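Participant:
This is the structure:
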């Protein structure tokens, strides 16, 4: 269990110190105090949070070398298989969502038809209810005493306001 100071960890993992402090604040990393009172972080925690160390101890390989890396091919195949499974699942999710959308659209259209049908039905019901009252409505109106409402004739007529040009040119 190797302990790294925050500065050493930021250099070794090529991560900013503020990023490490944010990870500590979130609870992803647990700092400890060494005998000098300096905060140190376990290297395993750093690997868990930020991945493997960017600074490796292995010998450098030239860019032109075409040596196959046998250790990575197994990982690549696993990664490729996992990615294909994810693509398959995403396609299934996509199809499911398309079906859901078409179902919602169909329901929406059905509701629109129901609303228009109910609107037509309510107008039909009103037509049917009129004959039930009978044709006696005119007779009932004739039986009621006739009262005339007089409108007062004394009201002054309100003249229409004329605009500037109407007043100027007449009209």
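In this note's numbering, the protein residues as written are 551 to 721.
Think of the CB as a built atom: it goes at the ideal place given N, C-alpha and C, for glycine as much as any other residue.
Keep in mind it's a predicted model, so treat the numbers as computed, not measured.
I'd like to know whether the C-beta atoms of residue 581 and residue 591 end up nearer to each other than 7 Å.
Facilitator: For the purposes of this step, residue 581 is taken as the residue at position 31 of the chain shown. For the purposes of this step, residue 591 is taken as the residue at position 41 of the chain shown. Cβ atoms of residue 581 and residue 591: closer than 7 Å.
Participant: Using only the heavy atoms of the ligand HEM, determine whether one of them is closer than 6 Å to the beta carbon of residue 667.
Facilitator: Judged by which ligands are present, the structure shown has none, so any question about the ligand HEM falls away.
Participant: Measuring only the C-alpha atoms, how far is residue 577 from residue 570?
Facilitator: Counted from its first residue, the chain shown places residue 577 at position 27. Counted from its first residue, the chain shown places residue 570 at position 20. Computed Cα separation, rounded: 11 Å.
Participant: What's the C-alpha gap between residue 560 and residue 599?
Facilitator: For the purposes of this step, residue 560 is taken as residue 10 along the chain shown, with counting starting at 1. For the purposes of this step, residue 599 is taken as residue 49 along the chain shown, with counting starting at 1. Answer to the nearest angstrom: the Cα atoms are 13 Å apart.
Participant: Taking Cβ to Cβ, would you say residue 556 is nearer than 7 Å to residue 567?
Facilitator: In the chain shown, residue 556 corresponds to position 6, counting from 1. In the chain shown, residue 567 corresponds to position 17, counting from 1. Yes, they are a contact pair.
Participant: In whole angstroms, give me the CA-to-CA distance for residue 630 and residue 638.
Facilitator: Within the chain shown, numbered from 1, the residue matching residue 630 stands at position 80. Within the chain shown, numbered from 1, the residue matching residue 638 stands at position 88. Residue 630 and residue 638 have their alpha carbons spaced roughly 12 Å apart.
Participant: In terms of residues, what are the limits of the beta strand (DSSP E) holding residue 565?
Facilitator: Position 15 of the chain shown, counting from 1, holds the residue named residue 565. Per DSSP, residue 565 belongs to no beta strand (DSSP E) and is neither H nor E.
Participant: Can you say whether residue 715 is buried or exposed, counting buried as having 16 or more other CB atoms within 10 angstroms of its CB?
Facilitator: Residue numbering aside, residue 715 sits at position 165 when the chain shown is read from its first letter. Counting Cβ neighbours within 10 Å, residue 715 comes out exposed, since fewer than 16 surround it.
Participant: Below 6 Å CB to CB, which residues in the same chain sit around residue 712 once its five sequence neighbours on both sides are set aside?
Facilitator: For the purposes of this step, residue 712 is taken as the residue at position 162 of the chain shown. Closer than 6 Å at the Cβ level, and outside the excluded window around residue 712, lies no residue.
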